[in-house]
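In my numbering, the protein residues as written are 3 to 110. What follows is a single structure, written as structure tokens, with notes after it.
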């Protein structure tokens, strides 16, 4: 009998490795997707709170609420130096209620 050194993997070993990787992917990917959605939802809430704070500062400085589409406050680098944030979930623009100054919509 002679012994041979094997280089590489047999087809059965390769399929076994792929099967294990597939099972791990099925277990891990949904958790990552859920975490990503949760993170985006939290980021949207933080954006809303930041906008509402800046809207209050605008009202204190100018005596009235900014436009509901936030065009005037968004153009001011004093309030939003990096520009108005967009919703991280749907990339939509934020708007405010004209009477309360609170961000309208975006209930994710």
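Yeah, the Cβ is synthetic: ideal placement off N, Cα and C, and Gly gets one too. Values in this document were obtained by computation on a predicted structure and should not be read as measured data.
Segment contact flag, the segment 60-80 with the segment 15-32, C-beta cutoff 8 Å, min 3 pairs | With the cut-off at 8 Å, the segment 60-80 and the segment 15-32 do not touch.
Which class does residue 91 belong to by DSSP, given the choice of helix, strand or coil?
-> The three-state reading of DSSP puts residue 91 in coil, since its state is none of H, G, I, E or B.
Per DSSP, which residues does residue 98 bridge with? Please list them.
-> When DSSP reads this structure, residue 98 sits in a beta bridge with 105.
From residue 56 to residue 64, what distance separates their C-alpha atoms?
-> The straight-line gap from Cα to Cα measures roughly 12 Å.
Is residue 108 near residue 37, with beta carbons less than 8 Å apart?
-> Residue 108 is not a Cβ neighbour of residue 37, given a cutoff of 8 Å.
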